[in-house]
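Participant: Next up is a structure, given as structure tokens.
Residue numbers (full-length UniProt numbering): 1 to 181.
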């Protein structure tokens, strides 16, 4: 297992993550009603045709981590490669939006996502805000489980948010919050 150091950085480049795999496999979705995510019980899923999804990497979006309006956290190995990162930004509603969180496939399931989430929550407190908002997708079942297990509150869904994106049609946006007060 690679030892990873948590750092806050001002930017991230394609070279930092070269050769790593931030994609994830979709093979199920949260079953209707989506509101079942409110419950403390395990939620039901329905199978989907297996496919791989990757949000890609936009270097322009990963600039400007000034620590005031935007923060970028990385999990970096001794060789300098970044095996995980989270990008968060200050929102108009006095909350922080977790814009992206991702890990290389080789370091998942070891508490690294929680390290990144906790860093975002700490930064949120440092800048005087009281909550973190997270948008996920109903077909990223692992992420939905992670957010629930991390103690986030499910706060709703939107069945139409992705309807104009051909490759995302049918996906349901799900919203979780970490209320820090």
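By construction, the Cβ of each residue, glycine as well, lies at the ideal position given by its N, Cα and C atoms. Just so you know, these numbers come straight off a predicted model, no measurement behind them.
1. If I follow the unbroken beta strand (DSSP E) through residue 2, where does it start and stop?
2. Exposed or buried, what is residue 32 when buried is set at 16 or more other beta-carbons lying within 10 Å of its beta-carbon?
3. When the Cα atoms are used, what is the spatial distance from residue 76 to residue 152?
4. Can you list, in chain order, the residues of its chain whose CB lies under 6 Å from that of residue 91, leaving out five sequence neighbours each side?
5. Going by beta-carbon coordinates alone, are residue 4 and residue 83 separated by less than 7 Å?
6. Below 8 Å on the Cβ atoms is my contact criterion, and I expect residue 142 with residue 176 to pass it. Report the Cβ-Cβ distance as a whole number of Å.
7. Here's a check: name, in chain order, each residue in its chain whose Cβ is nearer than 7 Å to the Cβ of residue 169, leaving out the five neighbours to either side.
8. Return the CA-CA distance between residue 144 and residue 137, expressed in angstroms with no decimal places.
9. Any idea what DSSP makes of residue 162, helix, strand or coil?
10. Keeping to the same chain, check which residues put their C-beta closer than 7 Å to that of residue 54; ignore five residues upstream and five downstream.
11. Just grab the DSSP bridge partners of residue 47 for me.
12. Just to confirm the assignment: which complete beta strand (DSSP E) runs, minimum length 3, are found wholly within the UniProt domain "N-acetyltransferase" (32-172)?
13. Check whether the Cβ atoms of residue 26 and residue 172 lie closer than 7 Å to each other.
14. When you compare each of 94, 149, 131 and 125 to residue 109 by their alpha carbons, which one comes out closest?
15. Please name the residue in 133, 115, 130 and 146 whose C-alpha comes closest to that of residue 73.
16. What is the C-beta distance between residue 30 and residue 20, in whole angstroms, given that I count them as a contact (C-beta under 8 Å)?
Facilitator: With the structure as the only source:
1. Counted from its first residue, the chain shown places residue 2 at position 2. Unbroken run through residue 2: none, as it is neither H nor E.
2. Within the chain shown, residue 32 is the residue found at index 32, counting from 1. Residue environment analysis places residue 32 among the exposed positions, since fewer than 16 neighbouring C-beta atoms fall within 10 angstroms of its C-beta.
3. Stepping through the chain shown from its first residue, residue 76 is reached at position 76. Stepping through the chain shown from its first residue, residue 152 is reached at position 152. Here the C-alpha atom of residue 76 lies approximately 26 Å from the C-alpha atom of residue 152.
4. Counting from one through the chain shown, the residue named residue 91 turns up at place 91. Taking C-beta separations shorter than 6 Å and ignoring five residues to either side along the sequence, the partners of residue 91 in its chain run 97, following chain order.
5. Numbered from its first residue, the chain shown carries residue 4 at position 4. Numbered from its first residue, the chain shown carries residue 83 at position 83. Contact: yes.
6. Along the chain shown, one-based indexing puts residue 142 at 142. Along the chain shown, one-based indexing puts residue 176 at 176. That pair is no contact at about 14 Å.
7. For the purposes of this step, residue 169 is identified with residue 169 of the chain shown, where counting begins at 1. The beta carbon of residue 169 sits closer than 7 Å to those of 162 and 163, all from its chain and outside the five residues before and after it, given in chain order.
8. Mapped onto the chain shown, residue 144 falls at position 144. Mapped onto the chain shown, residue 137 falls at position 137. Approximately 8 Å, taken between the alpha carbons.
9. Residue mapping note: residue 162 aligns to position 162 of the chain shown, counting from 1. In the structure shown, residue 162 sits in coil (DSSP, three-state: anything other than H, G, I, E or B).
10. Counted from its first residue, the chain shown places residue 54 at position 54. The beta carbon of residue 54 sits closer than 7 Å to the beta carbons of 22 and 23 from its chain, once the five residues preceding and following it are set aside; these are given in chain order.
11. The residue you call residue 47 lines up with position 47 of the chain shown. Beta-bridge pairing links residue 47 to 28.
12. Runs found: 45-53, 70-76, 82-90, 96-103, 131-137 and 153-158.
13. Stepping through the chain shown from its first residue, residue 26 is reached at position 26. Stepping through the chain shown from its first residue, residue 172 is reached at position 172. No.
14. Residue mapping note: residue 109 aligns to position 109 of the chain shown, counting from 1. Distance check between residue 109 and each of 94, 149, 131 and 125 places 149 closest, using alpha-carbon atoms only.
15. Residue 73 sits at position 73 when you count from the first residue of the chain shown. Among 133, 115, 130 and 146, the Cα nearest to that of residue 73 belongs to 115.
16. In the chain shown, the residue the question calls residue 30 occupies position 30. In the chain shown, the residue the question calls residue 20 occupies position 20. Residue 30 to residue 20, Cβ: 27 Å. No contact.
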